[in-house]
Each structure stands twice: as C-alpha cells, then as structure tokens.
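Accompanying notes for the structure given below.
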Amino acid sequence: MIPKTWFDEENKVLRIRFFEQWTEDDIPEFFSLINRLLEGRKKRYVLVDLSDAAPQHYSKEFRRVFAENMGLLSFQKAAVLGANPALRIMAGVLLNIMKGIKIFEIRYFSNTFDALEWLKK
C-alpha cells in the first residue's frame with residue numbers, strides 16, 4: 001500500500017505520510033503519483049511524516065527498484081518528521097540509496113510547524 005501522498009497548496013510542499021508497510025510492487029505507483037503532483041512546479045520540497053509509520057524491511061529488490069525510481073525525481077529539500085530512532089535507521093537506508101542519485105538538503109524535525117518553516121525558507 002502506497003503512503004498517503006498529496007500536494008499541500010497552502011504551504012507549497014509535497015506531503016507524504018507513512019502508515020503501513022509497502023513493498024517494491026508499490027514503488028512505481030508511488031513515484032508516478034509524486035511525479036504527477038510535482039509536474040510543472042519549480043520548487044520541489046517534500047515533508048515526509050514518519051510519526052505513524054510501520055516498521056519496514058527493505059529487501060535488496062526493494063532498494064534496487066527504489067533507487068531506479070528515485071533517480072527520476074529532483075527534490076530540492078526534504079523535511080522528515082516524527083522519526084523515532086528505529087525509523088531514523090530505516091530512513092537512513094533510503095537516504096543512502098539516494099545519495100548517489102540526487103543531492104538535496106534533508107533535515108529531521110519533531111513538529112510540523114518547524115518542518116514547514118524550514119521548507120519555506
């Protein structure tokens with residue numbers, strides 16, 4: 001199941017909220033949705049909310065498919081919200097995949113207000 005994903009028109013950021021586990025089969029649909037939501041937008045900022053995220057296991061195939069699809073995006077800034085230590089480790093796995101693909105600023109936050117303020121700067 002893909003994460004809840006929408007464009008926040010008021011704050012001009014893509015918002016992604018993780019709830020359930022997802023697999024490599026979900027990745028093409030997820031990235032297709034992201035591309036549609038960001039199409040034609042000059043600023044490509046994302047707020048990733050891990051507050052209610054389920055623990056994940058990233059298989060080798062998941063990491064491969066994620067990396068292939070991530071290469072098609074061009075985020076400029078990413079704010080990660082609500083990541084407990086275990087979720088930070090999982091986020092770190094995905095961020096390591098992205099390092100060689102697209103360079104963008106990433107910061108962790110404990111509340112939505114601070115995350116959105118940083119993205120708007």
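Numbering-wise (the numbering used here), the sequence shown opens with residue 1 and increments by one.
For every residue, glycine included, the Cβ atom is placed at its ideal position computed from N, Cα and C.
Source: prediction; values computed, not measured.
Between Phe104 and Ala54, the C-beta gap is not smaller than 9 Å, which leaves the two residues out of contact. Here Gly82 is buried: its Cβ has 16 or more other Cβ atoms, across all protein chains shown, within 10 Å.
Taking 4 residues as the shortest admissible run, the segment 43-70 contains the following complete alpha helix (DSSP H) segments, listed from N- to C-terminal end: 60-70. With 16 or more other Cβ atoms from the protein chains shown falling within 10 Å of its own Cβ, Pro3 counts as buried. For a cut-off of 8 Å, the C-beta gap from Tyr45 to Val80 is around 12 Å, too long to register as a contact. A straight-line Cα-Cα distance of about 31 Å links Pro85 and Glu9. The C-alpha of Trp22 lies about 32 Å from the C-alpha of Lys121. Closest by C-alpha distance to Leu37, out of Val13, Val48 and Tyr58, is Val13. Distances from the alpha-carbon of Asn111 to those of Phe62, Leu50 and Lys43 put Leu50 closest. Annotated as proximal: Lys77 and Ile106, with beta-carbon spacing under 9 Å.
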